[in-house]
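So the mapping is simple: the numbering used here equals the position in the sequence shown, first residue as 1, plus 15. C-beta: ideal position from N, C-alpha, C; glycine also. Fair warning: this is a prediction, and the values are worked out from it, not measured in the lab. In what follows, a structure is listed as structure tokens, so that the remarks can point back to it.
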Amino acid sequence: MEIKYDVLGKIIEGKKTGWYVRFIDDSENTGGFYIYKFEDPDSDEGFDTWLETENDVKGYIYESEWKIEWMQEAESP
């Protein structure tokens, strides 16, 4: 699966189906990667996870059994 950073995606299969997700490469600041998960793309309420490597991010996606539909960048909040 291709990981698109700073692009809104909708989880269409796996854990949290129907939720939205955004991946952030924050390696320059924190040395890792953030995964933001939320039910409503227009809300600030949600959950985040910090992971050290891109391989950790790929493992998180695999374990969550996610299939993600990427949204257009213009539709991102």
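For Asp-71, collect the residues of the same chain with a Cβ closer than 6 Å to its Cβ; drop the 5 residues on either side in sequence, then sort them by chain order.
-> Here residue 71 refers to the residue found at position 56 of the sequence shown. Cβ contact annotation for Asp-71 (same chain, cutoff 6 Å, sequence separation greater than five): none.
Within 7 Å, strictly: CB atoms of Asp-40 and Phe-53 = Here residue 40 refers to the residue found at position 25 when the sequence shown is read from its first residue. Here residue 53 refers to the residue found at position 38 when the sequence shown is read from its first residue. Taking 7 Å as the Cβ cut-off, Asp-40 and Phe-53 do not qualify as a contacting pair.
Please classify Gly-74: does DSSP put it in a helix, a strand, or coil?
-> Numbered from 1 along the sequence shown, position 59 holds the residue referred to as residue 74. DSSP places Gly-74 in helix when its eight states are reduced to three.
Spatial distance of Lys-82 from Lys-30 (CA atoms) = For the purposes of this step, residue 82 is taken as residue 67 along the sequence shown, with counting starting at 1. For the purposes of this step, residue 30 is taken as residue 15 along the sequence shown, with counting starting at 1. If I take the Cα positions, the gap works out to 10 Å.
Just mark Ile-76 as buried or exposed, buried being the case when its beta carbon has 16 or more other beta carbons within 10 Å.
-> If you number the sequence shown from 1, residue 76 lands on position 61. It counts as buried.
Ile-50 and Phe-38 closer than 7 Å at C-beta | Translated into the one-based positions of the sequence shown, residue 50 becomes position 35. Translated into the one-based positions of the sequence shown, residue 38 becomes position 23. The Cβ-Cβ distance between Ile-50 and Phe-38 falls below 7 Å.
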